[in-house]
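Below you'll find the structure, written out as structure tokens, and then a few comments.
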Amino acid sequence: MASDQHDSAAANAPVPLTRDGWSFAARIFAAQMLLVIVVIVWLGIASYQHVARVALDVRQSTVATVSTTLANDPFVANALQEDDPSASLQPYTQDILSHAQTIDFITIMTPDLLRVTHPNPAQLGKPYSGSTAEALSGEVFSEQAVGTLGRSVRTIAPVYAKDGKIVGMVATGITLESLQVLYREELP
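According to my numbering, the sequence shown is numbered sequentially starting from 1479.
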């Protein structure tokens, strides 16, 4: 019976506290919870960055494919050599854009950088504002740049006539604003 009273008294004894009022067990528990929260936040950031990188890579591949496909299309090369290339190319690119969900613009331009297609018809005939030196020297290249639709990821490809002369360029891209929307949609 004395043993039962001793056990009962031990169970009801106050837990020794540190100067700040936290017991050792409470401090360990709080440290573990803080560690769990830090790991969860870190994993969330790493997951977002991974999804963003994969989404960017996929979109860059898509715009590169569209640019090179259009640049190699005989219809585009022939239209660029007509008196009014916009008459046939503007509806052609608008039709492509209406079916494409992962690109924001297709700009086809002449070698002297005048736009013959653009999502905003007011830009037709105006100078293209992005880089073109690589495309004019025959290279397909990608860049991030600011254009009339804002900052975008784009690929520019040269368009060749049958005789091998560069008769224009195709720039296809997606705005970073659209990429941000896609990132949010692709996150779990």
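Each residue gets a CB set at the ideal place from its N, CA and C atoms; glycine is no exception.
Quick caveat: nothing in here was measured; it's all calculated off a predicted structure.
- Under the three-state reduction of DSSP, T1588 is assigned to coil, being neither helix nor strand.
- Around the Cβ of R1531, a 10 Å sphere holds fewer than 16 other Cβ atoms; the residue is exposed.
- Residue pairing of F1507 in beta bridges, as defined by DSSP: absent, with no partner found.
- Boundaries for Y1570: no beta strand (DSSP E) harbours it, while the alpha helix (DSSP H) harbouring it runs 1563-1577, taken from the DSSP string.
- As DSSP reads the structure, S1615 sits in no beta bridge.
- Here DSSP, grouped into helix, strand and coil, assigns G1646 to strand.
- The beta carbon of S1564 lies closer than 8 Å to those of V1594, T1595, L1602, G1603 in the same chain, with the five residues before and after it left out.
- In the three-state reduction of the DSSP assignment, Q1658 falls in the helix class, which pools H, G and I.
- Annotation for E1655: G1628 place their beta carbon closer than 7 Å to its own, counting only its chain and skipping 5 residues before and after.
- Here F1583 is bridged, per DSSP, to G1651.
- Comparing alpha-carbon positions, the option among A1555, A1557, R1632 lying closest to I1584 turns out to be R1632.
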